[in-house]
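Residues in the sequence shown are numbered from 2 upward in steps of one, following this note's numbering.
Using N, Cα and C, we set each Cβ at its ideal position, and we do this for glycine too.
Remember, it's a predicted structure, so these values are computed and weren't measured experimentally.
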Amino acid sequence: MKNPKPSLHAQRVAKEQSFTESEIQDRVRWDLPILAQNSKCSVSLDLPLINCRPTAVCAAVCYAAQGRQAYRQAVLKSVAIQQMIEKDPDRVAHTVVDEAAGRAVRLAGSGEVLPSHRYLVEKIHELGGQTWEFTRRVDTHEALPHLMFSLDAGTPPSALEYIEQSVPVNRRAYLRRPNDPPAPLEVAVTFPLHGPRTPHAKAVPTHPTDCPASRDEVSGCWACRRCY
Ligand code: SF4
């Protein structure tokens, strides 16, 4: 029997794992920007997807495996940035704050924040930087409880229980595909599934918590700030 096609998440992780150590070390460059720019979020720190513990739903439709974020150079940069954080989190924090120049930084624009990134996040805040961030990892949320928690129709009951008990409603987000019901818990924001390879936002029923950028009602997150 033919093997099923790997999920979008698995395709991107395979790309991350295809780099040689020397390719990664060549990309550990402090003279190049650490942040990425994009039209919706402004600036983001993009991390590798090897950090993720995806649900079956987010693995299948992963936005970070689509479009420009999945270009080889962007993927290599995310792998190199992870190493730069491990080597010198203080330098990364200073660079992030300098490059952001007062703009709020989306963590992580791709991939996942790890519990071990707590030092980096706290350092950025200590230096006066602003961040806004999502996680799907309970251990990351336990380390950094101000993060928003993303759930979807594949979120296991144990994580739903954690969210219900430990995550305030204004820190909960729900990814919704066209045939999914509304979020199983009260949430602050619903993200209709979108992306170059999963362009289905219009097929997702509207809901009062829909992200206004996903519905083309605002030009970017800075004009909304619900997730900040
Ligand atoms: S709800 Fe607002 S802040 Fe959150 S992702 Fe959408 S536009 Fe950005």
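DSSP state of Asn39, grouped into three classes?
strand
Give me the Cβ distance between Thr141 and Val114, rounded to the nearest whole Å; I'm assuming they're in contact under 8 angstroms.
5 angstroms
Note to self: Spatial neighbours of Tyr163 within its chain, please: C-beta separation below 7 angstroms, excluding the five flanking residues on both sides.
What the structure shows: Val139
Looking at Tyr229 and the ligand SF4, is the gap between the Cβ and the nearest heavy atom below 7 angstroms? Yes, Cβ of Tyr229 sits closer than 7 angstroms to a heavy atom of the ligand SF4.
Taking the beta carbon of Tyr72 as the centre, do at least 16 other beta carbons fall within 10 Å, making it buried, or is it exposed? Within a 10 Å sphere around the beta-carbon of Tyr72 sit fewer than 16 other beta-carbons, which makes this residue exposed.
Quiz item: Does the ligand SF4 have a heavy atom nearer than 7 angstroms to the CB of Cys225?
Solution: yes
Which runs of the beta strand (DSSP E) spanning at least 3 residues fall entirely within the region 75 to 123, listed in chain order?
106 to 108
Segment contact, 8 angstroms Cβ cut-off, at least three pairs: the region 94 to 110 with the region 124 to 133
yes
Relative to the ligand SF4, is the shortest distance from any of its heavy atoms to the C-beta of Ile219 smaller than 7 angstroms? For the sequence presented, residue 219 should be read as Val rather than Ile. Yes; taking the cut-off as 7 angstroms, the Cβ of Val219 has a heavy atom of the ligand SF4 nearer than that.
Q. If you run the structure through DSSP and keep just helix, strand and coil, what is Gly58?
A. Looking at the sequence shown, residue 58 is not Gly but Val. Collapsing the DSSP output to three states places Val58 in a helix.
Original post:
Does the count of Cβ pairs from the region 170 to 184 and the region 33 to 51 closer than 8 angstroms reach three?
Top reply: no
_In whole angstroms, give me the CA-to-CA distance for Ser117 and Val205._
36 angstroms
task: In the DSSP assignment, find the beta strand (DSSP E) that holds Tyr163 and state where it starts and stops.
output: Counting along the chain, Tyr163 falls outside any beta strand (DSSP E), though it belongs to the alpha helix (DSSP H) covering Pro158 to Ser167.
May I ask which residues mark the beginning and end of the beta strand (DSSP E) holding Val190?
Here the beta strand (DSSP E) through Val190 covers Val190 to Pro193.
Taking 8 angstroms as the CB-CB limit, is Leu176 close to chain B? Absent from the structure: chain B. Only one protein chain is present.
Review point. So Ala11 packs on Ala60, CB below 8 angstroms; how close in whole Å?
Key: 7 angstroms
Applying the 10 Å Cβ sphere with the 16-neighbour rule, what's the burial state of Lys78?
buried
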